[in-house]
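**Q** Here the sequence shown stands for residues 18 to 947, where the numbers follow this note's numbering. Glycine included, each C-beta is placed from N, C-alpha and C at the ideal position. Computed from a prediction, not measured in an experiment: that's the story for all the values here. First, the structure itself, so that you have it in front of you.
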Amino acid sequence: MKELAFQGTWRAYQQKILDDLANLIGDDGLHIVAAPGSGKTILGLEVMRRLGEATLILAPSKTIRDQWSQRLRMMFLPANAAEPDWISHDVRAPRTVTIITYQALHAAFSGHVSEEENIDSEEAGSDGAQSVETGKQETERARRKIIAKLCEEKVRTLVLDEAHHLRNEWWKALTMLKEALGKPTVVALTATPPYDVDPLEWGRYQALCGPIDGEISVPELVLQGDLCPHQDYVHFSLPSELETQKLAEFRAQIGDFLETLLQNAEFKQAILHHPWITQPIENVEHILDDARFFSSMLVFLNAQYVDLPQSTLDILDVKAREIPDLTLEWIEVLLNGVIYTYRDDFNEAEQLLRHQEGRLRDIRGIEHGKVRLTDARSVQKLLVSSISKLNAIVDITRLECASMRDELRMVILSDYIREDALPTGPADLPPIERVGVVPIFETLRRSGLDLKLGILTGGLILIPAESKAILDEIADHLGIGGEHIRYQQAAFDAGFLGVEISGALSRNSVRMITELFSRGGITVLVGTQALLGEGWDAPSVNTLILASTVGSYVLSNQMRGRAIRTDPRSPQKAANVWHLAVIDPEKFEQRIPLRFGRKSTDRKAPDPFDSMTIDLGSDVDALKRRFYAFEGLSFGEPPSIESGFHRLMLGAAKWNARGVDDINKIMERGAADRKSLKVRWDSALRSNRAFPRMQETLESNYVPKGLLNWNTTKFLYAQSAAFAGMILSAFLDTLSDMPIRSFEQLALFLFVMFSLMAIYCLPRAFKASLLLLRNGSLEGSMKQVGKTVLETLHHMSVIRSELGKMSVEATLDQNGMVYCRLEGATTIERSHFLDALREVLVPPQNPRYILVRSSKFWRLNRVDYHAVPSIIGRKREDAIHFAQLWDRYVGPSDLVYTRSAQGRLILLKFRAKSFASAFTRKTDRVSRWE
18 MKELAFQGTW RAYQQKILDD LANLIGDDGL HIVAAPGSGK TILGLEVMRR LGEATLILAP
78 SKTIRDQWSQ RLRMMFLPAN AAEPDWISHD VRAPRTVTII TYQALHAAFS GHVSEEENID
138 SEEAGSDGAQ SVETGKQETE RARRKIIAKL CEEKVRTLVL DEAHHLRNEW WKALTMLKEA
198 LGKPTVVALT ATPPYDVDPL EWGRYQALCG PIDGEISVPE LVLQGDLCPH QDYVHFSLPS
258 ELETQKLAEF RAQIGDFLET LLQNAEFKQA ILHHPWITQP IENVEHILDD ARFFSSMLVF
318 LNAQYVDLPQ STLDILDVKA REIPDLTLEW IEVLLNGVIY TYRDDFNEAE QLLRHQEGRL
378 RDIRGIEHGK VRLTDARSVQ KLLVSSISKL NAIVDITRLE CASMRDELRM VILSDYIRED
438 ALPTGPADLP PIERVGVVPI FETLRRSGLD LKLGILTGGL ILIPAESKAI LDEIADHLGI
498 GGEHIRYQQA AFDAGFLGVE ISGALSRNSV RMITELFSRG GITVLVGTQA LLGEGWDAPS
558 VNTLILASTV GSYVLSNQMR GRAIRTDPRS PQKAANVWHL AVIDPEKFEQ RIPLRFGRKS
618 TDRKAPDPFD SMTIDLGSDV DALKRRFYAF EGLSFGEPPS IESGFHRLML GAAKWNARGV
678 DDINKIMERG AADRKSLKVR WDSALRSNRA FPRMQETLES NYVPKGLLNW NTTKFLYAQS
738 AAFAGMILSA FLDTLSDMPI RSFEQLALFL FVMFSLMAIY CLPRAFKASL LLLRNGSLEG
798 SMKQVGKTVL ETLHHMSVIR SELGKMSVEA TLDQNGMVYC RLEGATTIER SHFLDALREV
858 LVPPQNPRYI LVRSSKFWRL NRVDYHAVPS IIGRKREDAI HFAQLWDRYV GPSDLVYTRS
918 AQGRLILLKF RAKSFASAFT RKTDRVSRWE
């Protein structure tokens with residue numbers, strides 16, 4: 018460690034962490050969350066150096082593992098220094114610094130001979146974790162041997178890079194290692210903590226990595242010039258003609274099946290005679306166990322003009338007009354119950370059900386023993402792998418080539434290599450029918466665009482033949498002789514060369530092709546997200562196309578991070594990140610009409626706060642999930658920085674063929690104007706706060722108000738005035754009988770009368786004023802609900818920061834959306850707070866406790882239901898404490914335990930109210946720069 022010394026200059030936020038290292042690196046170690054490009058690797062090496070003890074560094078892939086070695090040599094050793102002999106890449110032979118992958122540790126602990134040959138599992142698209150069948154005794158011996166060698170080397174520091182990967186099986190090996198080494202110092206570094214996992218999994222993650230000690234966001238890095246201005250764009254496509262035909266045929270078959278089924282008198286009678294319909298009171302326990310199936314029968318019968326008995330409707334506490342319309346989703350629930358879950362209840366219709374099940378199988382409406390009509394896997398697969406994405410890639414590449422010319426450095430990431438799609442000769446031009454690295458390469462090669470095109474995967478490298486001299490120069494600089502590089506002319510095109518690097522030097526292949534790409538020897542590089550999607554350091558990338566199907570919270574942010582780093586060779590760099598999505602035309606054109614049945618008279622109103630209410634299919638849904646993972650620049654004016662799909666401002670878009678083309682043209686115009694990106698980022702980064710930062714908030718169009726809200730408050734004022742009028746009338750009647758002989762007597766009389774009237778009405782007026790102050794606005798009500806949640810979590814020690822130093826802030830925007838956040842708390846405390854608050858605001862599936870609030874105005878009764886958050890509802894005493902605080906801050910309510918018979922009945926009504934409501938509650942966690 019004494020040989021190491023940082024050769025560069027620390028960035029401001031890195032220096033801040035290092036200056037405060039003694040305070041941050043307590044018994045729990047150090048846990049830093051920082052965006053891609055923030056220099057986490059160098060920061061981790063410096064922390065390792067300062068700790069001064071033997072260290073085991075773990076990375077999620079070979080690419081990232083090798084970068085740790087490169088950074089250590091380049092930034093902490095003298096120039097041109099070779100790798101020291103005290104650095105090891107084999108956990109079976111550790112040294113002072115041992116750098117391996119998570120899988121290598123897992124494999125070694127399992128007694129597996131091979132270390133990590135398949136770590137970048139590109140073709141399978143997996144995370145690389147291997148399943149090793151080894152005997153328990155052999156596994157135990159292997160584990161003890163590894164631990165003994167690490168202890169012999171006196172390893173006392175563990176560095177966990179991109180620690181979110183610990184969600185996999187690897188965490189078990191690490192947990193055992195940490196315990197065996199006797200509480201070593203853990204330095205955890207990640208760009209994307211798994212905030213979206215359940216509390217148990219988060220607890221496991223935090224037990225290993227410790228609480229988050231510091232966080233650095235993307236906007237902070239852009240503000241400081243450590244990340245470049247960038248923007249996300251989406252290219253929407255419609256399926257190809259053949260794919261559209263397949264979709265239409267599938268949906269037409271479903272439509273024909275449903276129309277025949279729902280006109281089948283025998284099927285209707287089978288539902289009518291189900292015991293839950295004929296004897297609902299006697300079967301209430303069964304109904305409580307599956308309220309959704311019971312509701313689907315009611316929806317079906319209501320659409321068939323059946324006048325449902327009041328006793329049946331009373332179970333759900335709904336009126337016939339509140340029952341939703343019959344939709345494909347409700348039919349799917351109904352058929353799953355009839356054909357599978359409750360088939361024994363329909364014995365008399367067995368022959369009919371067997372026939373209908375056969376018809377469903379014929380049209381592929383059954384998958385893995387379940388009826389799937391809304392989003393069949395065959396439809397999902399068709400959309401996600403639609404070849405129309407290949408045309409989209411060509412359109413984007415053509416645009417970016419025209420805009421950037423020789424400065425273009427585009428990377429296209431896909432999930433699969435599909436090497437079998439490579440042509441065998443110049444005349445071999447088979448149709449391209451799948452998306453993957455080779456199909457993308459081939460589509461661009463055949464497009465006629467003027468490109469320097471290349472491929473980089475773990476097993477396949479192709480470069481332009483004209484760039485061979487540059488690659489030879491790069492290899493020579495790295496000390497790789499020509500005898501270690503084998504070039505082979507591509508059989509299908511003399512303009513391309515296959516590249517193979519032999520032996521142990523093959524691990525330099527990514528570095529060599531990356532440098533070739535940076536120098537312009539390749540301008541459009543196609544690769545896999547498994548190899549290049551995470552940890553790959555290529556600051557020259559200025560255009561990224563995500564042709565991957567990944568929609569996960571973690572990986573999408575990692576892939577996007579490849580493009581947004583600053584490039585010392587191009588100080589004015591601005592990056593475009595392109596996302597691809599194929600729209601399901603059968604969805605928005607509603608090709609499955611239900612041409613029968615009654616329509617509900619109480620239609621659901623569209624949610625004015627939803628940016629895109631229309632269902633565009635599973636591929637767009639995956640894109641929305643991807644956008645949840647990162648914050649970026651909005652398309653609105655003035656621009657803002659926030660997370661979520663709504664920042665694309667697509668609420669008013671017209672979703673038809675022409676409308677899709679218009680949206681793509683808007684995206685293309687924005688992408689071509691890179692010069693305005695810096696201006697828009699500068700505008701969005703401005704803040705009235707002294708220290709602006711990303712604030713994670715909860716946005717909602719619904720807030721539970723006090724039982725006596727503004728309308729009731731106005732009623733109280735009116736009631737007070739009415740009482741005053743009655744008193745005044747009574748005194749005026751008395752006044753007519755009294756002999757008042759002077760103006761002074763009249764003034765004295767009126768003074769006494771109004772004083773008595775004011776005293777009589779004062780309590781009502783005071784109560785009305787108090788309620789108005791406490792619950793008189795949406796943001797005021799949100800603050801009261803937030804205080805209830807905060808104080809309960811603090812009482813439970815889930816939130817441990819000092820209560821007096823924290824505050825709940827709520828604001829209302831021009832669209833009626835309320836934003837709520839917690840100030841003064843740690844990152845994970847804010848996360849727990851927002852999760853719990855969200856559960857209060859949206860109808861949950863199965864809470865243990867709910868709050869029931871009843872109010873009455875003249876003859877109108879109103880019942881509101883609110884869930885006690887799951888983290889609070891685990892213990893009765895915590896739920897009671899929450900209810901007491903709710904009574905104090907929001908309004909009187911009854912706490913109901915939903916696991917009792919009576920409680921489950923109330924919960925059933927709660928669910929029924931949520932699906933019958935004309936107002937859809939919308940609540941999301943979003944991050945905003947403020």
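Look up LEU839 in the DSSP assignment and give the residues it is bridged to.
**A** Here residue 839 refers to the residue found at position 822 of the sequence shown. BP columns for LEU839 point to VAL825.
**Q** Look at the alpha carbon of THR844 and the alpha carbon of ASP342, and state the distance between them as a whole number of angstroms.
**A** As a position in the sequence shown, residue 844 is number 827, starting the count at 1. As a position in the sequence shown, residue 342 is number 325, starting the count at 1. Straight-line Cα distance between these residues: approximately 43 Å.
**Q** Work out the CA separation of VAL558 and VAL176 for me, nearest whole Å.
**A** Here residue 176 is taken as the residue at index 159 of the sequence shown, counted from 1. Here residue 558 is taken as the residue at index 541 of the sequence shown, counted from 1. Those two C-alpha atoms are separated by around 28 Å.
**Q** Go ahead and pull the three-state DSSP assignment for GLY453.
**A** Along the sequence shown, read from residue 1 onward, the residue named residue 453 stands at position 436. Note: GLY453 maps to coil in three-state DSSP.
**Q** In three-state DSSP terms, what is GLU100?
**A** Taking the sequence shown and counting its residues from 1, the one referred to as residue 100 is at position 83. Of the three classes helix, strand and coil, the one that applies to GLU100 here is coil, per DSSP.
**Q** For LEU868 and LEU240, I'd like the C-alpha separation in whole angstroms.
**A** For the purposes of this step, residue 868 is taken as the residue at position 851 of the sequence shown. For the purposes of this step, residue 240 is taken as the residue at position 223 of the sequence shown. Distance between the alpha carbons of LEU868 and LEU240: 45 Å.
**Q** Buried or exposed for PRO77, going by 16 or more other Cβ atoms inside 10 Å?
**A** Position 60 of the sequence shown, counting from 1, holds the residue named residue 77. Classification for PRO77: buried.
**Q** Tell me whether ALA282 is buried or exposed, calling it buried when 16 or more other Cβ atoms sit within 10 Å of its Cβ.
**A** Residue 282 sits at position 265 when you count from the first residue of the sequence shown. So ALA282 ends up on the exposed side.
**Q** If we ignore side chains and look at the alpha-carbon of each, how far apart do GLU819 and LEU810 end up?
**A** Locating residue 819 in the sequence shown gives position 802, counting from the first residue. Locating residue 810 in the sequence shown gives position 793, counting from the first residue. C-alpha separation (whole angstroms): 12 Å.
**Q** Nearest by alpha-carbon distance to GLY841: which of ILE816, VAL835, GLU856 and PRO95 is it?
**A** To locate residue 841, count along the sequence shown from 1; it is residue 824. Ranking ILE816, VAL835, GLU856 and PRO95 by Cα distance to GLY841 puts ILE816 first.
**Q** Which residues in the same chain have their Cβ closer than 6 Å to the Cβ of ARG173, if we skip the five residues on either side of it in sequence?
**A** For the purposes of this step, residue 173 is taken as residue 156 along the sequence shown, with counting starting at 1. Taken in chain order, the residues that qualify are GLU70 and PRO201.
**Q** Taking the continuous alpha helix (DSSP H) assigned at MET92, which residues delimit it?
**A** Within the sequence shown, numbered from 1, the residue matching residue 92 stands at position 75. Looking at the DSSP string, the run of the alpha helix (DSSP H) that includes MET92 is 79 to 93.
**Q** Report the residue ranges of all alpha helix (DSSP H) runs contained in full by the stretch 236 to 303; include only those spanning at least 4 residues, in chain order.
**A** Here the runs fully enclosed are 258 to 279, 282 to 289 and 292 to 295.
**Q** Output needed for LEU650: all residues of its chain with C-beta closer than 7 Å, excluding positions within five of it in sequence on either side, in chain order.
**A** The sequence position of residue 650 within the sequence shown is 633, counting from 1. Excluding sequence neighbours, LEU650 sits near GLN248, PRO656, ILE658, ARG697, TRP698 and ALA701.
**Q** Hey, would you say SER587 sits closer than 9 Å to GLU424, going by beta carbons?
**A** For the purposes of this step, residue 587 is taken as residue 570 along the sequence shown, with counting starting at 1. For the purposes of this step, residue 424 is taken as residue 407 along the sequence shown, with counting starting at 1. Yes, they are a contact pair.
**Q** Is it the case that the Cβ atoms of TRP946 and SER635 are separated by a distance below 9 Å?
**A** Mapped onto the sequence shown, residue 946 falls at position 929. Mapped onto the sequence shown, residue 635 falls at position 618. Against a cut-off of 9 Å, the Cβ pair of SER635 and TRP946 comes out as no contact.
**Q** Which full runs of the alpha helix (DSSP H) of 4+ residues lie inside the stretch 332 to 391, going along the chain?
**A** Taking only runs of at least 4 residues, the alpha helix (DSSP H) segments lying wholly in the stretch 332 to 391 are 345 to 353 and 367 to 379.
**Q** Taking a contact to mean a Cβ-Cβ separation below 9 Å, would you say SER523 touches GLU532 in this structure?
**A** By one-based count along the sequence shown, residue 523 stands at place 506. By one-based count along the sequence shown, residue 532 stands at place 515. Not a contact, by the Cβ cut-off of 9 Å.
**Q** If you count every other CB in all the chains shown that lies within 10 Å of the CB of GLN801, and 16 or more means buried, which is it?
**A** Taking the first residue of the sequence shown as 1, we reach residue 801 at position 784. Buried is the call here.
**Q** Could you give the uninterrupted runs of the alpha helix (DSSP H) lying entirely in the stretch 495 to 581, keeping only those of 4 residues or more?
**A** Taking only runs of at least 4 residues, the alpha helix (DSSP H) segments lying wholly in the stretch 495 to 581 are 526 to 535, 546 to 549 and 570 to 577.
**Q** Can you tell me the Cα-Cα spacing of LEU924 and THR915, whole angstroms?
**A** Residue numbering aside, residue 924 sits at position 907 when the sequence shown is read from its first letter. Residue numbering aside, residue 915 sits at position 898 when the sequence shown is read from its first letter. Going by the C-alpha atoms only, they are around 6 Å apart.
**Q** Is DSSP giving VAL943 helix, strand or coil here?
**A** On the sequence shown, residue 943 is found 926 positions in, with the first residue counted as 1. In the structure shown, VAL943 sits in a strand (DSSP, three-state: E or B).
**Q** Any chance you could list the alpha helix (DSSP H) runs of at least 4 consecutive residues sitting entirely within the stretch 420 to 476, in chain order?
**A** Whole alpha helix (DSSP H) segments, 4+ residues: 454 to 464.
**Q** Within 10 angstroms of its Cβ, does GLU150 collect 16 or more other Cβ (buried), or is it exposed?
**A** Within the sequence shown, the letter at position 133 stands for residue 150. In this prediction, GLU150 scores a pLDDT of 44, lower than 50, which makes its location untrustworthy; the coordinate-derived value is nonetheless stated afterwards. With fewer than 16 Cβ atoms within 10 Å of its Cβ, GLU150 is classed as exposed.
**Q** Can you name, in chain order, every residue of its own chain whose Cβ lies under 6 Å from the Cβ of ALA688, other than the five neighbours on each side?
**A** Counted from its first residue, the sequence shown places residue 688 at position 671. Excluding positions up to five away in sequence, the list reads TYR250 and ASN593.
**Q** Tell me which residues share the same chain as ARG855 and place their Cβ nearer than 7 Å to its Cβ, disregarding the 5 neighbours each side in the sequence.
**A** Residue numbering aside, residue 855 sits at position 838 when the sequence shown is read from its first letter. If we look at ARG855 and ignore the five residues flanking it on each side, its Cβ neighbours are LEU715, THR940 and ARG942.
**Q** Per DSSP, what kind of secondary structure is ALA688 in: helix, strand or coil?
**A** As a position in the sequence shown, residue 688 is number 671, starting the count at 1. Residue state, collapsed to three classes: helix.
**Q** Name the DSSP bridge partner or partners of ILE116?
**A** Position 99 of the sequence shown holds residue 116. DSSP lists ILE74 as partners of ILE116.
**Q** Is the distance from the Cβ of GLY242 to the Cβ of THR26 below 9 Å?
**A** Locating residue 242 in the sequence shown gives position 225, counting from the first residue. Locating residue 26 in the sequence shown gives position 9, counting from the first residue. Cβ distance not < 9 Å, so GLY242 and THR26 don't count as in contact.
**Q** Thinking C-alpha only, which one of GLU846, ARG847 and TYR836 is nearest LEU858?
**A** Counting from one through the sequence shown, the residue named residue 858 turns up at place 841. Of GLU846, ARG847 and TYR836, the residue nearest in Cα terms is TYR836.
**Q** With burial defined as no fewer than 16 other Cβ atoms inside 10 Å of the residue's Cβ, what is the status of GLN262: buried or exposed?
**A** As a working mapping, residue 262 is identified with position 245 in the sequence shown. GLN262 should be labelled exposed.
**Q** Taking the C-alpha atoms as reference points, what is the distance between LEU851 and ASP379?
**A** Stepping through the sequence shown from its first residue, residue 851 is reached at position 834. Stepping through the sequence shown from its first residue, residue 379 is reached at position 362. About 46 Å.
**Q** Quick one, are the C-beta atoms of VAL428 and THR566 less than 9 Å apart?
**A** Within the sequence shown, numbered from 1, the residue matching residue 428 stands at position 411. Within the sequence shown, numbered from 1, the residue matching residue 566 stands at position 549. No. Outside cutoff.
**Q** Excluding the five sequence neighbours on either side, which residues of its own chain have a C-beta within less than 7 Å of the C-beta of SER402, listed in chain order?
**A** As a position in the sequence shown, residue 402 is number 385, starting the count at 1. Contacts found: ARG451 and VAL452.
**Q** If distances are taken between C-alpha atoms only, which option among ARG577, GLU483 and GLU157 comes closest to ALA124?
**A** As a first step, residue 124 is located in the sequence shown; it is residue number 107 there, counting from the start. Checking every option, the nearest Cα to that of ALA124 belongs to GLU157.
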